[in-house]
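Asks: If you use mature numbering (1 follows the signal peptide of the UniProt record, and there is no 0), the sequence shown corresponds to residues -21 to -1, 1 to 72, in order. For glycine and all other residues, C-beta sits at the position ideal for the given N, C-alpha and C. The structure that follows is given in the form of structure tokens.
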Amino acid sequence: MRTAKSLLLALVILSPLSAFAYTTDEVKATTVIKEHQASVQKYAAIHNKPMPEIKEYKYGMKLDVAKVIRKSPDLQTCSVMPKLMTYEDSKAS
């Protein structure tokens, strides 16, 4: 009985931590995307270029990267996070 109570107490204490970790990671992901888009929008406005459309990378996709404009930071987390890269191709678009 004592072991069961200890396990229950541990579960009650640790449950909110896993929920907090998920929420924190979700907030980080949203923040990364918003900061990236704001930075790219600023770059596009300064250089009189249209805001690029977001294309999700698919394995095997051919990329024509002439110049990297911005990459999202590498977050030190154990969760899957979006990794964004904005670049100009060989046609400077």
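(1) Pull up the CB-CB distance for THR65 and VAL11, whole angstroms please, since I reckon it's below 8 Å.
(2) Please go through the same chain and pick out, in chain order, the residues whose beta-carbon is closer than 8 Å to the beta-carbon of SER69, but skip the five residues on each side of it.
(3) Cβ atoms of ALA8 and PRO52: under 7 Å apart, would you say?
(4) Use the C-beta contact count for HIS15: other C-beta atoms within 10 angstroms, 16 or more gives buried, fewer gives exposed.
Replies: According to the structure data:
(1) That pair is no contact at about 13 Å.
(2) ASP43, ALA45
(3) no
(4) buried
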